[in-house]
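Trainee: One structure is given below, represented as C-alpha cells, and several questions about it will come after.
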Amino acid sequence: MAKLDLLQGTLDLLILKTLALGPQHGWGISQRIQQISENVLRVNQGSLYPALQRLDTAGFIESEWGASENNRQAKFYRLTTKGERQLREETQQWVRMTVAVQRILETRA
Amino acid sequence: MIKRLRMWWDGGQLDRELNAEVRFHIEMETDKYVAQGVDPATARRMALRNFGPMEKHKEETRDARGTMRFEELVQDVRYSVRTFFKSPGFAGVAILTLSLGIGANTAIFSVVNAAFFAPYGVRQPEQLVRLWGQDLKRNQLQLGFSVPKYELIRDQQTSFASFGAVTAIAQTLLLDGREPIQVNGSFTTSSFLDTFGATPLAGRFFRAEEERGAGVAVLGENLWRTRFGADPSVVGRAITLDSAIYTVVGIAPTLPAFWNSDVWTTNPFQYPGVNEDTIRRGFSYLQPVGRLKPGVTVEQARRELEVLAQRFSAAYPANADAAWTLTALSIRDDIVGAARSSLLTLLAAVGLLLLVACANVANLLLVRFTGRRQEIGLRTALGASRGRIVRQFLVESLMLSAIAAALGAVIAYWTLPALVVLAENNLAFASDIRISLPVLAATAGLGLLAGVTIGLYPAMQGSRSDIVSVLRDGGRTIAGALGSHRARRAIVAAQVAVSLVLLIGAGLLVTSFERLRSQPAGFDSTNVFVAGVGLPPARYPDAESQARFWLKLREELANAPGVQRAALNSAPPLNGGFTRAPYAISEGAVPPLNERPLGLTVSVTPGYFATMQIAMLAGRDFSERDTADAPLVAIVSQATSRKLGGEQGLLGRRIIMGSQGGGQVMEVVGVVADVRTQSLAATSEVEFYRPVMQRQRPFMQMMVKTAGDAAAFENTARSVLARLDPTLPMTGVTTHETMVAQSLAQQRLLFVLLSVFASVAVVLSAVGIYGVVASFVGQRRAEIGVRMALGASRQQVIGIVFGQSVLPIAIGLAIGLGGAVLLGRYVRSLLFEVSPLDPWMLAGGVLLLAAIAGAACAIPAGRAARIDPVTALRGE
Numbered sequence: 004m005a006k007l008d009l010l011q012g013t014l015d016l017l018i019l020k021t022l023a024l025g026p027q028h029g030w031g032i033s034q035r036i037q038q039i040s041e042n043v044l045r046v047n048q049g050s051l052y053p054a055l056q057r058l059d060t061a062g063f064i065e066s067e068w069g070a071s072e073n074n075r076q077a078k079f080y081r082l083t084t085k086g087e088r089q090l091r092e093e094t095q096q097w098v099r100m101t102v103a104v105q106r107i108l109e110t111r112a
Numbered sequence: 008m009i010k011r012l013r014m015w016w017d018g019g020q021l022d023r024e025l026n027a028e029v030r031f032h033i034e035m036e037t038d039k040y041v042a043q044g045v046d047p048a049t050a051r052r053m054a055l056r057n058f059g060p061m062e063k064h065k066e067e068t069r070d071a072r073g074t075m076r077f078e079e080l081v082q083d084v085r086y087s088v089r090t091f092f093k094s095p096g097f098a099g100v101a102i103l104t105l106s107l108g109i110g111a112n113t114a115i116f117s118v119v120n121a122a123f124f125a126p127y128g129v130r131q132p133e134q135l136v137r138l139w140g141q142d143l144k145r146n147q148l149q150l151g152f153s154v155p156k157y158e159l160i161r162d163q164q165t166s167f168a169s170f171g172a173v174t175a176i177a178q179t180l181l182l183d184g185r186e187p188i189q190v191n192g193s194f195t196t197s198s199f200l201d202t203f204g205a206t207p208l209a210g211r212f213f214r215a216e217e218e219r220g221a222g223v224a225v226l227g228e229n230l231w232r233t234r235f236g237a238d239p240s241v242v243g244r245a246i247t248l249d250s251a252i253y254t255v256v257g258i259a260p261t262l263p264a265f266w267n268s269d270v271w272t273t274n275p276f277q278y279p280g281v282n283e284d285t286i287r288r289g290f291s292y293l294q295p296v297g298r299l300k301p302g303v304t305v306e307q308a309r310r311e312l313e314v315l316a317q318r319f320s321a322a323y324p325a326n327a328d329a330a331w332t333l334t335a336l337s338i339r340d341d342i343v344g345a346a347r348s349s350l351l352t353l354l355a356a357v358g359l360l361l362l363v364a365c366a367n368v369a370n371l372l373l374v375r376f377t378g379r380r381q382e383i384g385l386r387t388a389l390g391a392s393r394g395r396i397v398r399q400f401l402v403e404s405l406m407l408s409a410i411a412a413a414l415g416a417v418i419a420y421w422t423l424p425a426l427v428v429l430a431e432n433n434l435a436f437a438s439d440i441r442i443s444l445p446v447l448a449a450t451a452g453l454g455l456l457a458g459v460t461i462g463l464y465p466a467m468q469g470s471r472s473d474i475v476s477v478l479r480d481g482g483r484t485i486a487g488a489l490g491s492h493r494a495r496r497a498i499v500a501a502q503v504a505v506s507l508v509l510l511i512g513a514g515l516l517v518t519s520f521e522r523l524r525s526q527p528a529g530f531d532s533t534n535v536f537v538a539g540v541g542l543p544p545a546r547y548p549d550a551e552s553q554a555r556f557w558l559k560l561r562e563e564l565a566n567a568p569g570v571q572r573a574a575l576n577s578a579p580p581l582n583g584g585f586t587r588a589p590y591a592i593s594e595g596a597v598p599p600l601n602e603r604p605l606g607l608t609v610s611v612t613p614g615y616f617a618t619m620q621i622a623m624l625a626g627r628d629f630s631e632r633d634t635a636d637a638p639l640v641a642i643v644s645q646a647t648s649r650k651l652g653g654e655q656g657l658l659g660r661r662i663i664m665g666s667q668g669g670g671q672v673m674e675v676v677g678v679v680a681d682v683r684t685q686s687l688a689a690t691s692e693v694e695f696y697r698p699v700m701q702r703q704r705p706f707m708q709m710m711v712k713t714a715g716d717a718a719a720f721e722n723t724a725r726s727v728l729a730r731l732d733p734t735l736p737m738t739g740v741t742t743h744e745t746m747v748a749q750s751l752a753q754q755r756l757l758f759v760l761l762s763v764f765a766s767v768a769v770v771l772s773a774v775g776i777y778g779v780v781a782s783f784v785g786q787r788r789a790e791i792g793v794r795m796a797l798g799a800s801r802q803q804v805i806g807i808v809f810g811q812s813v814l815p816i817a818i819g820l821a822i823g824l825g826g827a828v829l830l831g832r833y834v835r836s837l838l839f840e841v842s843p844l845d846p847w848m849l850a851g852g853v854l855l856l857a858a859i860a861g862a863a864c865a866i867p868a869g870r871a872a873r874i875d876p877v878t879a880l881r882g883e
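As they're listed, the protein sequences go chains F and B. Taking our numbering, the leading residue of the first sequence gets 4, the next gets one more, and so forth. Taking our numbering, the leading residue of the second sequence gets 8, the next gets one more, and so forth.
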C-alpha cells in the first residue's frame, strides 16, 4: 500500500496528539507519527518545523533544550494546558468530520 | 506584540537554534539508516532527501515566526547594492530621473509649506484675522479702516478676544545720533503686538496708557540684529526717529509678510501730512487685526462685522467710508492671497512630473527584472519563495528611490534660493521658505511611495517565472516578456498623456506671460532710476517746506551729470502704495462725500510725464507755479476723462477731490495717456494726478531718466541728496525696469517652473518611448531578419517598428488632450488673454509631442532597418 501524504492541517493535530504522550523532539515526533500509523502516514520531515513554530507561536506547545536519548542536545517540545484544550477540540472536530464523511461514503447509490 | 519584537530582536539566536535543531534531526535520521546497515554517506543523502528542500523549510519556519529577519533585509540591501554597482548606468539613470522628480516636489513642498503651514513665530496664528473694508458697489476691495470706524468696531465687537490696528510708514532713524537710515516704521495701537501673539525678544511691548503716544518704541528683530548687534541692552536706550526722541522698551520678533516692521511706535490715530479733519471724515489707512475668541469662526466674525458696518454708517452717515461693507479674512489666507492658485498649479505640475519620472523608472525596472528571469528561476529552484523574490525586487526599487529622495532633497536645497530670486523676492511668505522637517518628511514619504509604485508591478512580473522554461531556453525567451511589453506600452501611453498636459499648461502660461509683458504699459521704464526719500515731520512740518524741498531735489537731480529728465512720484507705476480719494464732478448736484467713488490718486512733480514718456494728450503739465496758494489743479488719464466727462472730456472742468473739508474743488488742466499703474493686466479706470505742491506728501520716489545704466546712478543720487540735506537717507534703490519685473514675479515664477517641469517630462517621455521601441527591436532582431530575408523592404520594417508605438502614443495624446481640456478651467484664473481651450495651444502641444515621440521612435526604427538578415539569423 502506498504511503499517504498528510492532509493539510492534520499535521498540527497529529503533533499535538503525539506530544500528549510526552515531551519529544522534532525527529522523535516524525518517527512516532510514522510508527503509530504503521508507516501509512508519511510526514515530510522538513515541514514539521514550520508547524512546530506555528504551534509554539500560538502557545499550544512550548520548547526547551535538553539531552536526547543518545546524549545529544535536542529541542524538546511539550504540550501546554492551552494545547491540551486545543487537542481535545480538534479531536472532536476530526471525529465529527470523519463520521460525516463515512456516512456519505456508505450511502447506497 | 512584545513577543514578536523579542523574536525579531532575537532573530539571530533563534536562527542558530533552528540550525542546531535541523542538524540534530538530520543526524538522528542518518543514524537510523546507519543502524539499518546503510553506509554513512548514503544514509546522510537519504536523510536529507526525507527532509526535503532545507532552505525552504527553514524559511517557512521563520515566516511562521511572523517576523521578517533583519539579516534578510541586510542581505537584500547588500545584494541590491551589488547589482547597482554591476550596472551603474542603469542605477544612475534611474536615480537621476527619480531625484529630478522628487527634488522638484521637495522644492515646491517647501514653498507650499511656507505658504500654508508656516507657524509665523506667533501664538496660534489660525485665530488671527485681518479686517477689510470693501466697496462692492464700485468693485473696490481691500480698503483700510478709518479711525472712527476702528474705534467703533473695537468698542462694539464681541468676536475677538483682542483687537488692534497698525499702519506702515517710511521713517528716518538716526543711528548713533548721526547716520540717517530709512526704516519701515509702524504706528500701532498699544494692543497690536500682543494681539498678534508675538513674544518680546527682550523688554516689553506697549501698555494701554501709551496708546496715544508716549515716546516709547519697540525695535523689530531684523533692525535690532543688523544695526544694533542683537544687543539686549538697547532696551532703555534712546533713539531718534523722524527727528523725535523715543525710548526703546522692547524688541519684537519678525512678523510674517507685510506685518513686519523695523520700528514700532504708538499713536496710530494721527498720520503725518494728513489733517485731523480728513482723518475724522474717513481717511482709511489703518489695517486692523483681531484674534478670534476660542470657538468663534471667521464666518461668525464676518457676520458680526456686517451688522457693525450698518451701525457705523448710521453713526457716521457723512463719512467717506460710511457705505462700505466689512469682511474678515484669516491672516494666512490674506498673506497667501493670489498666490494660492499658482501654488496649487505648481503642486499639481510637480506631482505630474513625478508621475512621468516614476513611469520611466518603472519601465526600466520592468526590463531589468524580467531580464533577470534566469537568475530568479535559479533562486526559485533553490527554494526561495515568490514572496522572497518580490521582496528582493522591492528592496531594490526602494533603495533606488531612497537614494533619489536624498539626492532630491539636495537638489531642492540648491534650487530654492534660485526659486526665491525667480519670484523677484516678491512672495509675501518668502522668508518662511526653507527645507524644514515636515518638508523632509513629505519627501521621504514620496520616496517610499515612489519606490513601491515603481517596484511592485515589475517585481510581480519579474518573479512570475516558470523555472523549467526559463532554465531550458537560457532566458532568451520572449514569451513571458510579452505581458511586460504590454505593460510598458501602457506606461508609455500614460507618460505621453501626462507630458501633454504639462506641455499644454506650460504653453498657456508662457503665452500669457508674453502677452502680459508686451502690453502697452503707457510708460517707458528704460534707464529709469528709482529711490525713495522721506521727510521727517519735525524738520519739514508743513506743506510748504516739503514742496520746496521736492522741487529743489527735482531740479538738482535734473541738473546732475548723465541725467536726461527727472521727476518725483508718490507711487511709481506697478509698485503698489497708491492712495485712493473720493471724487465727484463739481457740477450740478454733487453727491455727498459718502457716496462718491474712490479714484487712484498720485502726487507728482512737474516733468513726471515727460520723464516716463507718458503722452500728454491735451492741456498742460503741472508747473512750479501750481503752488499751494494757486488755484488747485489736477491731470487725469484719458480713460478717466472719457468715463467722467463723456464726449466732451474733462479738460477745463472742475472736480471735487479728497475728504478734507468735504472735498476740494480743482480744475482739470491736462489729459494724459492711460498707464497701467496697478497691474500690467489692465488700465486703471480712474486715475488722478495732482501736483505735490498742492497735496502734501512726506514720502516721494525719485524717478530719474539716465543716459546710461540706471543702477549706476545711485552714487550721484546720494550725493545730490546729501548736498540738499545730509540727514536724509535714500531707500529702496532700484530701477523702474526691476519694479515692472517684480510686478510680474508670480507669473514669471509660474511660467518658468512649469516650462522646466514640462521640458523634463517631455524628455523623460521621449527616453521612455525610445527605450520601449529599442527593446522591441532588440527582441525581434531575428524575426525582422527573417522578414527581410523573405523580401520585406526597409520601409516595411520601419513600418512594423513604428506600428508598435503609434497606438500607445496616440492613446496617450488623446488622454492627455482630454486631461488638458478638463484641467484647463483650473488655470483659467492664471491666464491672460489666452483661453485654456485655445485650439492653437492644444494642437501645438499635440503636434510638438507627437513629433518628439516620432523622433524617439525613429532612432531604433532606423536601426531595425539596417539589420543585416544574415547576422541577425546567425545570432539566434
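Glycine residues also receive a C-beta, built at the ideal position from the N, C-alpha and C atoms.
Please state whether DSSP places B:Thr-450 in a helix, a strand or coil.
Mentor: Correct three-state label for B:Thr-450: helix.
Trainee: So, B:Ala-680 versus B:Ala-625, is the Cβ gap smaller than 7 Å?
Mentor: Against a cut-off of 7 Å, the Cβ pair of B:Ala-625 and B:Ala-680 comes out as no contact.
Trainee: Does the distance from the CB of B:Asn-582 to the CB of B:Met-710 come in under 7 Å?
Mentor: No, they are not a contact pair.
Trainee: Apart from the five residues on each side of it in sequence, which residues of its chain come closer than 8 Å, Cβ to Cβ, to B:Gly-656?
Mentor: Ala-625, Ser-648, Arg-649 and Val-678, listed in sequence order.
Trainee: Taking 7 Å as the CB-CB cut-off, is F:Lys-78 touching chain B?
Mentor: By this cut-off, F:Lys-78 is an interface position.
Trainee: In angstroms with no decimal places, state the Cα-to-Cα distance between B:Gly-954 and B:Gln-468.
Mentor: There is no way to answer for residue 954 of chain B, as the model of chain B reaches only from 8 to 883.
Trainee: For the segment 627-638 of chain B against the segment 700-719 of chain B, do three or more pairs of beta-carbon atoms, one drawn from each stretch, fall closer than 8 Å, so that the two count as touching?
Mentor: Short answer: they touch.
Trainee: Does any residue of chain F have a CB that is nearer than 7 Å to the CB of B:Glu-62?
Mentor: Taking Cβ atoms only, chain F never reaches closer than 7 Å to B:Glu-62, which makes this a no.
Trainee: Along the segment 47-58 of chain F, where does the CB come closer than 7 Å to a CB of chain B? Name the residues.
Mentor: Going along the segment 47-58 of chain F in chain order, one finds Asn-47, Gln-48, Gly-49, Ser-50, Tyr-52, Pro-53, Gln-56 and Arg-57 with a Cβ nearer than 7 Å to chain B.
Trainee: To the nearest angstrom, how far is the alpha carbon of B:Thr-273 from that of B:Phe-319?
Mentor: Whole-angstrom Cα-Cα distance: 25 Å.
Trainee: Could you check how far apart the C-beta atoms of B:Gly-458 and B:Ala-409 are, in whole angstroms? I think they sit under 8 Å.
Mentor: So it is a contact: roughly 7 Å between Cβ atoms.
Trainee: Could you name the residues that DSSP lists as bridge partners for B:Tyr-464?
Mentor: Paired residue(s): none; B:Tyr-464 is not in a bridge.
Trainee: Which one of B:Thr-738, B:Thr-608 and B:Leu-761 has the shortest CA to CA distance from B:Phe-695?
Mentor: Ranking B:Thr-738, B:Thr-608 and B:Leu-761 by Cα distance to B:Phe-695 puts B:Thr-608 first.
Trainee: According to DSSP, is B:Ile-440 helix, strand or coil?
Mentor: Residue state, collapsed to three classes: coil.
Trainee: Are the beta-carbon atoms belonging to B:Thr-742 and B:Ala-567 less than 7 Å from one another?
Mentor: Their beta carbons are not under 7 Å apart, which means B:Thr-742 does not touch B:Ala-567 by this criterion.
Trainee: Span of the beta strand (DSSP E) holding B:Ser-169?
Mentor: Start and end: 167-182.
Trainee: Report the residue ranges of all alpha helix (DSSP H) runs contained in full by the segment 199-280 of chain B; include only those spanning at least 4 residues, in chain order.
Mentor: Runs of the alpha helix (DSSP H) inside the segment 199-280 of chain B: 199-203 and 228-235.
Trainee: Quick one: which chain B residues come within Cβ less than 7 Å of F:Gly-29?
Mentor: Glu-28 and His-32, listed in chain order.
Trainee: Starting from F:Glu-65, trace the beta strand (DSSP E) in both directions and tell me its first and last residue.
Mentor: 64-70 is the extent of the beta strand (DSSP E) around F:Glu-65.
Trainee: Name, in chain order, the residues that DSSP records as bridge partners for F:His-28.
Mentor: DSSP, once it has assigned bridges, lists F:Phe-79 as partnering F:His-28.
Trainee: Mind listing the chain F neighbours of B:Met-35? Cutoff is C-beta to C-beta under 7 Å, in chain order.
Mentor: Chain F residues near B:Met-35: Trp-30.
Trainee: Take the Cβ of F:Trp-30 as the centre, count every other Cβ of all protein chains shown within 10 Å, and call the residue buried at 16 or more, exposed below.
Mentor: Buried: at least 16 other Cβ atoms inside 10 Å.
Trainee: Who are the Cβ neighbours of B:Arg-572 in its own chain at under 7 Å, not counting the five residues just before and after it?
Mentor: These residues qualify, in order along the chain: Ala-565, Gly-614, Ala-617, Thr-618 and Lys-712.
Trainee: Interface residues of chain F around B:Asn-57 at Cβ under 7 Å?
Mentor: Near B:Asn-57 (Cβ distances below 7 Å), the residues of chain F are Gln-48.
Trainee: How would you call B:Gly-665, buried or exposed, if buried means at least 16 neighbouring beta carbons within 10 angstroms?
Mentor: Classification for B:Gly-665: buried.
Trainee: Using 8 Å as the cut-off, can you tell me whether the segment 162-178 of chain B makes contact with the segment 527-537 of chain B, which would need three or more C-beta pairs spanning the two stretches below that distance?
Mentor: Result no; under three Cβ-Cβ pairs closer than 8 Å.
Trainee: Threshold first: 4 residues or longer. Then list the alpha helix (DSSP H) segments lying entirely within the segment 62-125 of chain B, N to C.
Mentor: The segment 62-125 of chain B contains these whole alpha helix (DSSP H) runs: 77-93 and 95-124.
Trainee: Using a 10 Å radius around the Cβ and a threshold of 16 neighbouring Cβ atoms, would you call B:Lys-156 buried or exposed?
Mentor: Per the 10 Å Cβ criterion, buried.
Trainee: Name, please, each residue of chain B whose Cβ falls closer than 9 Å to the Cβ of F:Arg-81.
Mentor: None at all; the shortest Cβ gap to chain B is about 15 Å.
Trainee: Step through the CB atoms of chain F and report whether any lies within less than 7 Å of the CB of B:Glu-133.
Mentor: Not closer than 7 Å to any Cβ of chain F, the Cβ of B:Glu-133 fails to qualify, so no.
Trainee: How many angstroms separate the CA atom of B:Gln-317 from the CA atom of B:Glu-311?
Mentor: If you take the alpha carbons of B:Gln-317 and B:Glu-311, they lie about 10 Å apart.
Trainee: Does the count of Cβ pairs from the segment 364-380 of chain B and the segment 146-153 of chain B closer than 8 Å reach three?
Mentor: Contact between the segment 364-380 of chain B and the segment 146-153 of chain B is absent, because fewer than three Cβ pairs lie under 8 Å.
Trainee: Quick one: what does DSSP say B:Leu-138 is sitting in, helix, strand or coil?
Mentor: Strand, per DSSP.
Trainee: If you reduce the DSSP assignment to three classes, tell me which class B:Thr-608 lands in.
Mentor: Correct three-state label for B:Thr-608: strand.
Trainee: Less than 7 Å between the beta carbons of B:Ser-610 and B:Ile-662, yes or no?
Mentor: Not a contact, by the Cβ cut-off of 7 Å.
Trainee: Given that a residue counts as buried once 16 or more other Cβ atoms are within 10 Å of its Cβ, and exposed if not, what is B:Glu-28?
Mentor: Result: buried.
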